[in-house]
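These notes are about the structure you will find just below.
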Ligand SMILES: Nc1ncnc2c1ncn2[C@@H]1O[C@H](COP(=O)(O)OP(=O)(O)OP(=O)(O)O)[C@@H](O)[C@H]1O
Ligand SMILES: [Mg+2]
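Residue numbers (the working numbering), protein chains in the order written: chain A, 1 to 227; chain B, 1001 to 1420.
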């Protein structure tokens, strides 16, 4: 079966929003993402990109169709099972960089790994520092997260998404707040992770240069994928 | 790679700790709520215990736990009934009462029955009767208690209330009498003076004052005198084994019921517990306890509402962060334990400081002068059970108040919050 080489398999995905009135945001989408693929999703504002990404991230379970990760069916699992799965296998960078404001930069990056509990806190701290260095944030590591600039916060969110070496990293405009230099740096990091560590990257972006830099681009319009 | 595993409860506790520290003001307010509730619980109960204790000390300085006496009024023997058929119309004019029995004639026998009960700690017979005290031309209405000095003192500790002379003189000097302080003042007599006593049979006799007693009960100080029971029997013309009352004390004065029913079947006299004789005492102390518990639980409840509000606020403020934690893979149970841990810290720390504050308040109140009825300061009695229940109630209230918002937090759907 070819499912084993697919990191992600989406079949007949349909999603509705019911508020204020019922409408179909995602209209029967099917696609695969290969392991180690660097995929970008583009499309007009309101076309359903974020909505799709939330379904892929397993946070949104209110959809029709099916979702498989590495051949494992995730559709129908309980919230707690999905939380544990996310913790280990998915790194997520939100469209609006969500950090825990009361914690330091370093703690924010460490938290998913502490939750996973596979390494000692010294080892986790070491990894966290490496990730922060990669994103040029070493000197910010002990600052409270709410004291950082928007771009810095977005980079911390990326460092956090990488901490557990997830098999899939998802970003909703992960470079939206970054200048071109930092944006390029992030793109290089993602490309590197995909090529050298076989991690799968899925990014929603408005940046055509970013999209051109990826292995494949999916374009969405009105809840459908344009071929 | 090292084998050491970081358990997730540690992360949860770290997060809880960071939350507590990042809003020290709110944490302090919640803490003070518990502290105040617990300290009031301790203070109210210690104070009420103190009041009950003082009230009991006062009451039981003259009241025994069980009193045995011969109540002649209760006998209603009607000889006519045994001579005529029921239903016969009788016309009895000017019916006369006959005194069949009077007092307890076989005191030592009754005492030996009571002595066999293991829960009995003290027994004393008394011969109580009304008299007139006379000194010069003064004539004062009062009563005499004929007592066995040693056992009377054992039951009521009256020896320590003798302010002039000595209680033991009653034993050695058979013609000695001990007077209540106000009675002595009214009669205008002092130690070694003579007092004339006149009983209802018209017998009169002189006794020498060997002591003056001051109890905390004004009524007694005004009218009561003590004789040796042997002297009293002589004066009343009674036999050597006669008494009017036998007073009995138990190890636990709250456990009179079973002994009363046992003695009732073994002794042909009235056996009465202090609870039946003094229902107002029992009612008052029970009411005080109820008030203490009601007030302190109300305070704890209010503190609980405060904590509930603060936790609810915190969770509404942190709703995004909770969503992020869940997005990163924290389960509902993790979120619940993060917020319950915060409540637990507030409960335990508030409980401990509450106990300390409660003891402080109680100690301070115990210094407030209050010179009424034998007291010198406001009474406080510490009861270990109150401390335990204060801490238990404090922590339980906090955990419950924290649980409701924490459960709400654990049910947050992250995608709803993050999508905005
Ligand atoms: N919670 C919601 N309830 C109802 N409708 C929603 C909700 N969230 C999004 N929508 C609608 O669903 C559609 C898709 O939204 P989505 O956020 O996926 O767009 P997007 O492609 O990510 O746009 P953008 O590029 O601006 O981020 C939009 O029409 C939006 O108005
Ligand atoms: Mg979007």
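Ideal placement from N, C-alpha and C gives every residue a C-beta, glycine not left out.
Can you give me the C-alpha to C-alpha distance between residue i and residue j, rounded to a whole angstrom?
i, j, result
"residue 63 of chain A", "residue 13 of chain A", "7 angstroms"
"residue 226 of chain A", "residue 38 of chain A", "18 angstroms"
"residue 45 of chain A", "residue 95 of chain A", "13 angstroms"
"residue 1353 of chain B", "residue 1035 of chain B", "6 angstroms"
"residue 1137 of chain B", "residue 1194 of chain B", "13 angstroms"
"residue 223 of chain A", "residue 48 of chain A", "5 angstroms"
"residue 1124 of chain B", "residue 1150 of chain B", "9 angstroms"
"residue 1021 of chain B", "residue 1351 of chain B", "19 angstroms"
"residue 1265 of chain B", "residue 1271 of chain B", "10 angstroms"
"residue 43 of chain A", "residue 33 of chain A", "18 angstroms"
"residue 1328 of chain B", "residue 161 of chain A", "9 angstroms"
"residue 171 of chain A", "residue 1416 of chain B", "18 angstroms"
"residue 1086 of chain B", "residue 1092 of chain B", "15 angstroms"
"residue 10 of chain A", "residue 1419 of chain B", "21 angstroms"
"residue 202 of chain A", "residue 1332 of chain B", "27 angstroms"
"residue 179 of chain A", "residue 150 of chain A", "11 angstroms"
"residue 98 of chain A", "residue 1347 of chain B", "31 angstroms"
"residue 1319 of chain B", "residue 148 of chain A", "21 angstroms"
"residue 1203 of chain B", "residue 1235 of chain B", "8 angstroms"
"residue 23 of chain A", "residue 70 of chain A", "31 angstroms"
"residue 1058 of chain B", "residue 1156 of chain B", "10 angstroms"
"residue 1336 of chain B", "residue 1289 of chain B", "37 angstroms"
So residue i is in the alpha helix (DSSP H); what residue range does that whole segment cover?
i, result
"residue 196 of chain A", "180-197"
"residue 1408 of chain B", "1384-1410"
"residue 1347 of chain B", "1332-1365"
"residue 165 of chain A", "Run containing residue 165 of chain A: none; DSSP gives neither H nor E here."
"residue 130 of chain A", "121-134"
"residue 210 of chain A", "208-212"
"residue 1110 of chain B", "1107-1115"
Which same chain residues, not among the five before or five after residue i, have their C-beta less than 7 angstroms away from its C-beta?
i, result
"residue 1355 of chain B", "1038, 1042, 1387, 1390, 1391"
"residue 1159 of chain B", "1153, 1167"
"residue 1361 of chain B", "1039, 1043"
"residue 221 of chain A", "43, 44, 47"
"residue 1430 of chain B", "This structure leaves residue 1430 of chain B out entirely; chain B is present only between 1001 and 1420."
"residue 1349 of chain B", "1031"
"residue 198 of chain A", "35, 36"
"residue 1 of chain A", "Below a pLDDT of 50, predicted positions are generally treated as unreliable, and residue 1 of chain A, at 41, falls in that range; no measurement from the model is reported."
"residue 1277 of chain B", "1067"
"residue 1368 of chain B", "1377, 1378"
"residue 173 of chain A", "95, 204, 205, 206"
Would the C-beta of residue i count as close to ligand 4, meaning under 6 angstroms from any of its heavy atoms?
i, result
"residue 176 of chain A", "Summarising the ligand content, the structure contains ligand 1 and ligand 2 and does not contain ligand 4."
Given residue i, which residues of its chain have a CB within under 6 angstroms of its CB, disregarding the five upstream and five downstream residues?
i, result
"residue 1285 of chain B", "1052"
"residue 215 of chain A", "37, 38"
"residue 1016 of chain B", "1338, 1341, 1342"
"residue 1393 of chain B", "1300"
"residue 218 of chain A", "41, 225"
"residue 167 of chain A", "89"
Which residues in the same chain as residue i place their Cβ atom closer than 8 angstroms to its Cβ, once the five residues preceding and following it in sequence are excluded?
i, result
"residue 1165 of chain B", "1178, 1191, 1209, 1210, 1211, 1212"
"residue 1233 of chain B", "1127, 1146, 1239, 1240, 1242"
"residue 958 of chain B", "No information on residue 958 of chain B is available, as it lies outside the stretch 1001 to 1420 that chain B covers here."
"residue 1305 of chain B", "1401"
"residue 1221 of chain B", "1180, 1181, 1182, 1183, 1213, 1214, 1215"
"residue 1189 of chain B", "1135, 1179, 1195, 1209"
Which residues mark the beginning and the end of the beta strand (DSSP E) in which residue i is found?
i, result
"residue 1093 of chain B", "No beta strand (DSSP E) contains residue 1093 of chain B, which DSSP labels as neither H nor E."
"residue 1320 of chain B", "Run containing residue 1320 of chain B: none in the beta strand (DSSP E); it sits in the alpha helix (DSSP H), 1319-1327."
"residue 1087 of chain B", "Counting along the chain, residue 1087 of chain B falls outside any beta strand (DSSP E), and DSSP gives it neither H nor E."
"residue 143 of chain A", "Looking at the DSSP string, residue 143 of chain A is not in any beta strand (DSSP E), and its letter there is neither H nor E."
"residue 32 of chain A", "23-34"
"residue 1025 of chain B", "Taken as a continuous stretch (DSSP letters only), residue 1025 of chain B belongs to no beta strand (DSSP E), being part of the alpha helix (DSSP H) at 1024-1059."
"residue 1128 of chain B", "1120-1135"
"residue 200 of chain A", "200-204"
"residue 1154 of chain B", "Per DSSP, residue 1154 of chain B belongs to no beta strand (DSSP E); it is in the alpha helix (DSSP H), 1149-1156."
"residue 219 of chain A", "216-221"
"residue 17 of chain A", "6-17"
"residue 226 of chain A", "224-226"
"residue 1162 of chain B", "1162-1165"
"residue 39 of chain A", "38-43"
"residue 1066 of chain B", "1066-1069"
Under 8 angstroms Cβ-Cβ, which residues of chain C neighbour residue i?
i, result
"residue 1011 of chain B", "Of the protein chains in this structure, namely A and B, none is chain C."
Within 6 angstroms of ligand 2: residues by beta-carbon to any heavy atom: A:49, A:50, A:95, A:172
As an exercise, report each continuous alpha helix (DSSP H) stretch of at least 4 residues that is fully enclosed by the region 1169-1226 of chain B, in chain order. 1169-1172, 1181-1187, 1218-1223
Ordered list of alpha helix (DSSP H) runs contained in the region 1224-1280 of chain B, each at least 4 residues: 1229-1236, 1257-1266, 1274-1277
Please give the ranges of any beta strand (DSSP E) in the region 45-96 of chain A, keeping only runs that are unbroken, at least 3 residues long and fully inside the region. 64-69, 90-93
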